[in-house]
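J.:
In the numbering used here, the protein residues as written are 532 to 626.
Here's what the structure looks like:
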């Protein structure tokens with residue numbers, strides 16, 4: 532990641548399957564990585580998960596929230612390190 536983005540860039544991961552922290556480890560700036568999960572179909576669904584990684588800085592989360600509002604979504608912070616849909620999928624597999 533560091534070859535393609537300048538130091539201090541924010542990476543917004545749009546996946547509900549991969550762990551945000553696992554992706555953050557691929558960069559020297561894990562504090563700039565967060566998840567943005569748009570629910571499907573994205574053009575209809577208003578909910579947007581803004582997912583905090585273990586090292587994600589507050590200002591990086593704030594930019595995710597601001598982007599969600601700008602896109603007319605309802606951004607909600609997830610304190611866990613993986614997105615809600617991946618957690619629910621895990622629970623379904625275990626049950």
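Ideal placement from N, C-alpha and C gives every residue a C-beta, glycine not left out.
Relative to the ligand SAM, is the shortest distance from any of its heavy atoms to the C-beta of residue 583 smaller than 8 Å?
T.: You won't find the ligand SAM in this model; it holds no ligand whatsoever.
J.: State the start and end residues of the unbroken beta strand (DSSP E) segment that holds residue 608.
T.: 605-609 is the extent of the beta strand (DSSP E) around residue 608.
J.: Would you call the region 569-579 and the region 550-557 touching, i.e. three or more CB-CB distances under 8 Å?
T.: The region 569-579 vs the region 550-557: no contact.
J.: On the criterion of 16 or more Cβ atoms from any shown chain inside 10 Å, does residue 559 qualify as buried, or is it exposed?
T.: Classification for residue 559: exposed.
J.: Taking DSSP as the reference, what is the three-state secondary structure of residue 601?
T.: DSSP places residue 601 in helix when its eight states are reduced to three.
J.: Compare the Cα-Cα distances from residue 557 to each of 567, 608 and 536 and report the closest residue.
T.: For the residues 567, 608 and 536, the minimum Cα distance to residue 557 belongs to 536.
J.: Could you tell me whether the Cβ atoms of residue 584 and residue 566 are closer together than 9 Å?
T.: Going by C-beta atoms, residue 584 is nearer than 9 Å to residue 566.
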